[in-house]
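Counting in the working numbering, the sequence shown runs from 556 upward without gaps.
C-beta: ideal position from N, C-alpha, C; glycine also.
Quick caveat: nothing in here was measured; it's all calculated off a predicted structure.
Only one structure is covered here, and it is reproduced in the block below.
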Amino acid sequence: MSAETAVETTTAANENYRSPRHTLLPLSFRHHHLSVTLRGQPNEDAVLCTQSKTYALKFVGTSNSMFLIPPSDQSIIEDASLVLHSKDQMAVSSVLKVAPGCMELVEVSPRLDKLKALLSQNPYGFYDDRASSDMTDQSGFLYKWDDLVESIQASDGELASGLQALPAVEINGYWRILDEQYMDGVLNMLLHNSVIKNWSLNMLDEDEVLQVLEGDGFPKKIAMHCLEVHGSRDDEGLVWRMDEKRICVHFARGILRGGKKMKMEGFMEQWRLKIPDGMNVTIEMLEGEVLTEKMGIETWVYAFSVSSLSSVPAERFSMLFQERARWEWKDMQPYVRDLKVPGMSLEGLLLKYTRRTQPTADAEPIFSAR
556 MSAETAVETT TAANENYRSP RHTLLPLSFR HHHLSVTLRG QPNEDAVLCT
606 QSKTYALKFV GTSNSMFLIP PSDQSIIEDA SLVLHSKDQM AVSSVLKVAP
656 GCMELVEVSP RLDKLKALLS QNPYGFYDDR ASSDMTDQSG FLYKWDDLVE
706 SIQASDGELA SGLQALPAVE INGYWRILDE QYMDGVLNML LHNSVIKNWS
756 LNMLDEDEVL QVLEGDGFPK KIAMHCLEVH GSRDDEGLVW RMDEKRICVH
806 FARGILRGGK KMKMEGFMEQ WRLKIPDGMN VTIEMLEGEV LTEKMGIETW
856 VYAFSVSSLS SVPAERFSML FQERARWEWK DMQPYVRDLK VPGMSLEGLL
906 LKYTRRTQPT ADAEPIFSAR
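Right, here's the structure in full:
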């Protein structure tokens with residue numbers, strides 16, 4: 556094209572132009588070269604997940620429509636003879652779609668409550684030990700990793716952390732949580748063997764423990780899971796130290812299972828009898844696991860575990876205030892300290908969902924529903 560030839564640009568609908576309109580999803584530089592996926596069921600609002608974070612998608616409308624136009628080498632150059640024999644030529648940009656706005660990414664907490672609900676449908680128990688190792692899912696309530704990725708709105712990293720926190724274990728390709736009574740049986744057998752074989756609970760040899768528990772009828776994978784849940788490895792990964800608090804909390808849960816309320820003295824006495832020799836119990840171990848209440852001169856204790864509460868702040872506070880209309884901070888703090896909302900502090904959550912009263916500067920603050 557000569558220097559004297561002027562080029563005017565206009566737009567026209569492409570022959571493939573169709574409705575409905577498209578919505579743009581701009582990604583910031585930190586998302587470039589990352590693998591991202593959209594996750595959610597048809598009845599859920601979709602989220603976008605990277606390997607480590609989850610984002611809600613918020614539509615942001617614009618006052619002006621944005622045209623989606625292919626690269627310039629696909630534009631149509633009209634022949635000069637079609638433009639009234641002008642020396643000028645006209646570049647016609649072909650509009651494929653119109654975008655009335657774009658989607659904005661807002662980081663959110665992973666939606667993991669559904670994970671526990673799914674895995675609780677079919678916990679691993681004594682029956683599974685007797686079943687064939689190559690059993691398939693006959694119930695429809697067993698989930699492989701890919702099944703969970705399809706069902707849970709969380710990044711892969713957050714999903715893996717959620718499985719560990721439950722805690723869950725992968726058995727024959729399926730992710731399972733253990734039935735409470737079954738886990739009780741595994742732990743009791745481990746502790747029983749520690750007595751008769753004179754094992755130190757601070758220095759358990761991994762190979763020996765796994766071999767003995769396998770001989771007692773527990774799969775190696777389950778025996779290892781018991782060690783992981785109730786203990787920690789040394790730096791070399793060959794010796795385990797059982798965690799006093801985790802074991803004591805396990806037995807306290809068992810005593811109060813089923814909604815049982817007990818007088819504090821009776822509970823503490825029964826609790827001490829359950830734990831291994833050399834371990835000591837304190838009621839402070841049960842922060843976030845039990846509540847106490849005064850009835851006359853007696854103090855009663857009952858199970859109320861933070862693990863049973865929703866991770867969604869609005870639902871969490873609603874459940875707390877259904878349990879108690881008024882909370883002292885020392886009682887409430889164990890039930891809210893794990894709440895994490897990107898961009899909002901715990902103090903911000905308290906301001907949003909609670910009403911704080913404090914009769915005097917020295918008095919314990921009281922929280923009620925807003």
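- By the neighbour-count criterion, in which a residue is buried when 16 or more other Cβ atoms sit within 10 angstroms of its Cβ, Gln-708 is buried.
- Lys-818 is classed as exposed because its beta carbon has fewer than 16 other beta carbons within 10 Å across all chains shown.
- In the DSSP assignment, Lys-699 forms no beta bridge with any residue.
- Phe-922: member of the beta strand (DSSP E) spanning 921-924, first to last residue.
- Distance from the CA atom of Thr-609 to the CA atom of Gly-712, rounded to whole angstroms, is 10 Å.
- Per DSSP, Ala-709 is not a residue of any beta strand (DSSP E), being assigned neither H nor E.
- One alpha carbon belongs to Leu-841, the other to Glu-799, and they sit about 12 Å apart.
- Of all alpha-carbon atoms in Leu-718, Ser-863, Gly-821 and Asn-757, the one lying nearest the alpha-carbon of Ser-787 is that of Asn-757.
- By the CB criterion at 8 Å, Lys-895 and Glu-919 fall outside the cutoff.
- With a 10 Å radius around the Cβ and a threshold of 16 neighbouring Cβ atoms, His-747 comes out exposed.
- By the criterion of at least three beta-carbon pairs nearer than 8 Å, the region 675-686 is in contact with the region 722-740.
- By the C-beta density criterion, Phe-773 is buried, having at least 16 other C-beta atoms within 10 angstroms.
- Bridge partners of Trp-882 according to DSSP: Phe-922.
- Three or more Cβ pairs closer than 8 Å define a contact, and the region 851-870 meets that threshold against the region 662-676.
- Secondary structure at Asn-598: coil, using DSSP grouped into helix, strand and coil.
- In the three-state DSSP reduction, Asn-757 falls in the coil class, being neither helix nor strand.
- Cβ neighbours of Ile-726 within its own chain (closer than 7 Å, five residues either side excluded): Tyr-679 and Lys-776.
- Straight-line spacing of the CA atoms in Thr-912 and Leu-905 works out to 12 Å.
- Annotated three-state conformation of Met-834 is coil, per DSSP.
- According to DSSP, residue pairing for Glu-659 in a beta bridge involves Lys-613.
- Between the region 778-787 and the region 762-769, the count of C-beta pairs closer than 8 Å reaches three or more; the two stretches touch.
- Judged by DSSP secondary structure, Tyr-857 falls within the beta strand (DSSP E) whose first and last residues are 853-858.
- No Cβ-Cβ contact shorter than 8 Å links Leu-782 with Tyr-857.
- Taking Gln-606 as the centre and dropping the five residues before and after it, the same chain places the C-beta of Leu-589, Ser-590, Ser-710, Asp-711 and Gly-712 closer than 8 Å to its C-beta, in chain order.
- Only exposed fits Thr-837, as fewer than 16 other CB atoms lie within 10 angstroms of its CB.
- Beta-bridge annotation (DSSP): Trp-730 is paired with Tyr-698 and Glu-725.
- For Met-744 and Arg-731, the gap between their C-alpha atoms comes out near 21 Å.
- Between Ile-852 and Pro-831, the C-beta gap is not smaller than 8 Å, which leaves the two residues out of contact.
- The shortest CA-to-CA distance from Val-867 to any of Trp-855, Lys-849, Glu-839 and Tyr-908 is the one to Tyr-908.
- Glu-799 sits in a helix when the DSSP states are folded into three classes.
- Of the candidates Met-823, Ala-869 and Arg-871, Met-823 places its Cα closest to the Cα of Trp-855.
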